[in-house]
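Contents: one structure, followed by commentary.
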Amino acid sequence: MRYCSIPCRVVGALLFGSVAANAFAQVGQQSVPLSADDNAEVEHVWRFAQETESRSSLPRAVDANWIENARLGTLKLSGCAAALVSADGLAVTSATCLRSLENWIRPDDSVFVAGTLLEERKLPGLTARQLVEIREFARIEEASEDLETGFEAELIAADDSSTFWEYVWRTYGDVRLVVIPPADVTDFGNEEGVYPRYAIDFALFRVYDGQALPLETESYFAWNDRSPYVRERLFATAFDANTPFTVITLSDTFSYNGTISPPHTTLYGMLDQYYSHGATGAWELTEDWLSGIKENDLATALNFSVVGECAQTGAGLINVDMEILGIAFDNANTEEGTRCVVMSTSGILALLRTVLKAQGVADELAEQALP
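So for the sequence shown, our numbering puts the first residue at 626; every next one is plus one.
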């Protein structure tokens, strides 16, 4: 039986290798090696926690507890996604996502960095939603009639109406901007829909509770600032009209325009593009960004691509350990198929510490890392 009200989509399972131990709960299981051709057809993954047959092709670490924590660490925005990355409500998405939702950016204010909590800027009209509960029942009359303030429900039915689910969302209307880089580095090269890329496309915001205090949560993804491993399995979490959850793999290389792509691009590559294109137009960098980038290890990963399509801009790319390694910001069409283009967490952390001068935020992220 196919279930759809949020339409169904196949979730592919591909290669990675890692030890399971996450930021929410200790899973403590070794993953089962799979070949790149293995696939798991999983529909509505948030609901299949008890359906062990549906999960037979996924690693043992991806159990009901893992799925619940991934769900709680994922935020739904209007048309895009975000991921919680600290115990104090800090979340990461793409700058492209926020700029598509808000009109708060003024021409002379395309970059923003909050030095303290008091400086974090409210984003009026922006609501973040967290899927906190899924209820299953046989009759539609059993659905909740009243929910507490700050919660809303979404009803989902099987094709034959034999089963119903109620998605209960917790809504957060107090969302505040923490960091967003300027639009010219977010769109560096102006090469939408392609890879390799050299875009600095991320944004950080903080979710506040009903008392105007930073949200205290145990459900967040630990920050990992390493470069992704070649052929590492990553999980992209999001809530869109097609699928809330996909499983994709970092590719080693692929052919494009008669040459071979790199597994990931670097800050060095960004500078190479800057100088090669004459430091003009879409390849221009301001002096503060040019000097700030040079303060870093230029081998730091900037962007990478994974096999498959990322469902939403702002989707977090996590590993089996519940560590976040990147944020999806585009899809690239290649001769070998669609690839998701991702901003690396290692590049984000490096730039926060140097050119953006956001040491406090960088420290907050680093403190969440697994030992």
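Even for Gly, the Cβ is constructed at its ideal location relative to N, Cα and C.
Note that this is a predicted model, so its numbers are computed, not measured.
Per DSSP, Leu976 is one residue of the alpha helix (DSSP H) stretching across 970–978. For Gln755, the enclosing beta strand (DSSP E) covers residues 753–762.
Of the residues assessed, Asn694 falls on the buried side of the cut-off, its CB having 16 or more other CB atoms within 10 angstroms. Counted as a single uninterrupted DSSP element, the alpha helix (DSSP H) harbouring Val986 occupies residues 984–992. Between Leu829 and Val986, the C-beta gap is smaller than 8 Å, which places the two residues in contact.
Looking at the backbone, the Cα of Arg685 and that of Ser916 are separated by about 46 Å. Note that the region 704–720 touches the region 986–995; at least 3 beta-carbon pairs, one per stretch, sit closer than 8 Å. The Cβ atoms of Phe864 and Leu756 sit closer than 8 Å to each other.
In this chain, the alpha helix (DSSP H) harbouring Thr721 covers 720–726. Among the bridge pairs identified by DSSP, His889 is matched with Phe929.
Judged by DSSP secondary structure, Trp908 falls outside any alpha helix (DSSP H); it is assigned neither H nor E. Around the beta carbon of Ala924, fewer than 16 other beta carbons lie within 10 angstroms, which makes this residue exposed. The bridge partners DSSP lists for Phe776 are Arg795. As the crow flies, the alpha-carbon of Pro853 is around 28 Å from that of Asp913. Leu700 counts as buried, since at least 16 other C-beta atoms from the protein chains shown sit within 10 angstroms of its C-beta.
Taking the Cα of Tyr792 as reference, the smallest distance to any Cα among Leu697, Tyr900, Ala837, Val736 is reached at Leu697. A direct Cα-Cα distance of roughly 34 Å separates His889 from Lys747. DSSP places Glu912 in the uninterrupted alpha helix (DSSP H) bounded by 912–919.
If you look at Ala936, you'll find it isn't in any alpha helix (DSSP H); DSSP assigns it neither H nor E.
When C-beta atoms of the region 897–908 are compared with those of the region 936–948, fewer than three pairs fall below 8 Å, so the two segments do not count as touching. Sequence-distant Cβ neighbours of Gln993 in its own chain, meaning closer than 6 Å and more than five residues away, are Ser711, Ala847, Trp848. Taking C-beta atoms as the reference points, Trp790 and Ile759 count as a pair closer than 8 Å.
Judged by beta-carbon spacing, Gly972 lies within the 8 Å limit of Leu892, meaning their Cβ atoms are closer than that value.
The criterion of a C-beta distance shorter than 8 Å is satisfied by Tyr820 and Ala957. Contact annotation, Val804 with Ala953: C-beta distance approximately 18 Å; criterion of less than 8 Å not satisfied.
The shortest C-alpha to C-alpha distance from Arg858 to any of Glu948, Tyr899, Ala926 is the one to Glu948. Between Leu995 and Val967, the gap from beta carbon to beta carbon reaches 8 Å or more. A distance below 8 Å separates the beta carbons of Tyr797 and Thr752. In this structure Phe813 is buried. Its beta-carbon is surrounded by 16 or more other beta-carbon atoms within 10 angstroms. Taking C-beta atoms as the reference points, Ala837 and Asp799 count as a pair closer than 8 Å. Ranked by Cα distance from Glu761, the first of Thr774, Met895, Gly775, Glu779 is Glu779. Beta-bridge partners assigned by DSSP to Val800: Val832.
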